[in-house]
Amino acid sequence: MTTTQTLQPGQPIVRIRGLGKRYGDHVVLKGIDFEVQPSQVVVVIGPSGSGKSTFLRCCNGLEQPEEGTVEIVGHTLVHNGAMLPERGLNALRTEVGMVFQSFNLFPHLSVLGNVTLGPRLLRGLSAAQAEAQARELLQKVGLSAKADAMPASLSGGQKQRVAIARALAMNPKVMLFDEPTSALDPELVGEVLQVMKLLASEGMTMMVVTHEMGFAREVADLVVVMDGGGIVESGDPATIFTAPRQERTRHFLQAVL
Ligand code: ADP
Ligand code: MG
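Numbering follows UniProt numbering, in which position 149 of the sequence shown is assigned residue number 149; successive positions increment by one, without gaps.
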């Protein structure tokens with residue numbers, strides 16, 4: 001699918017208008033307006049239950065909102081609450097990579113198998129092409145030596161780096177990270193953040209939900225604070241961390257910093 005041709009220079013790569021989502025009577029997202037520019041790194045912070053995961057999942061079609069419009073990499077994923085048909089959704093998901101807290105590797109496939117499956121099935125790469133690409137990506141995430149390992153034999157940090165390589169193998173234009181280091185032992189957090197920093201430095205557009213405030217300070221172009229299903233405020237890290245305008249932001253930061 002061609003997408004870049006519909007994305008004009010100067011146009012945001014993600015554009016969200018009036019995004020509303022509820023589960024039954026429980027309103028989880030309350031009319032979110034938001035934009036991401038190409039190569040921007042956006043870090044989303046906020047208390048548990050504030051809607052951060054739901055927000056990310058609405059950006060790649062894992063959740064269907066009832067209200068609003070989501071445009072991403074030149075596709076209209078949701079328009080006035082109506083989703084793209086499944087076929088378009090699959091194409092879009094190849095362009096929007098997602099990394100989860102729980103890794104979600106295919107347990108019965110080797111590391112190489114995990115990283116080559118998507119490109120072979122969905123991008124039409126030959127086995128040899130997919131393997132060559134996978135080996136490059138594994139080198140990038142520092143796991144060349146683990147190509148033939150099975151996921152169960154890896155540490156959490158290694159699993160998460162494989163998950164990142166697997167997402168990158170689809171050649172995404174935007175990467176979504178939902179608490180990618182929250183399930184890791186503290187000593188393994190750094191190796192995953194380092195890979196994410198590398199991606200950011202290469203110009204990848206990223207939306208990252210994380211409690212790693214050091215990463216946010218260092219890497220984020222924009223920090224977005226969510227609470228109660230809405231965006232409380234957003235700004236550059238220096239402003240958000242040292243001079244937040246909203247009491248709810250101060251309250252949250254006091255709890256985590
Ligand atoms: P966060 O990621 O900020 O912790 P979530 O987006 O996971 O927040 O959840 C926001 C709210 O939506 C929470 O109150 C949560 O209980 C609720 N929620 C999330 N997923 C579901 C679901 N599948 N069914 C019902 N409620 C849900
Ligand atoms: Mg969450």
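Built from N, CA and C at the ideal position, the CB exists for glycine as well. No experiment lies behind these values; they were computed from the predicted model shown.
- If you draw a straight line from the Cα of L84 to the Cα of C58, it is about 12 angstroms long.
- Neighbourhood of the ligand ADP, defined by CB distance below 5 angstroms to any of its heavy atoms: Y23, V28, S48, G49, S50, G51, K52, S53 and T54, in chain order.
- In the DSSP assignment, I16 falls within the beta strand (DSSP E) that extends over V14 to Y23.
- Nearest Cα to L138 within the set A152, L121, R123 and T116: T116.
- Among the bridge pairs identified by DSSP, A82 is matched with H79.
- Pairing A220 with V43 gives a Cβ-Cβ distance under 7 angstroms.
- Minimum Cα-Cα distance from A149 among the listed residues G113, G190, Q129 and T69 corresponds to G113.
- For H26, the uninterrupted beta strand (DSSP E) run begins and ends at H26 to V36, by DSSP.
- Residue pairing for G124: DSSP places it in no beta bridge.
- By the beta-carbon neighbour count (other beta carbons within 10 angstroms, threshold 16), A145 is exposed.
- Where S234 is concerned, the enclosing beta strand (DSSP E) starts and stops at G230 to G235.
- For the 7 angstroms CB-CB criterion, A165 and V141 form a contact.
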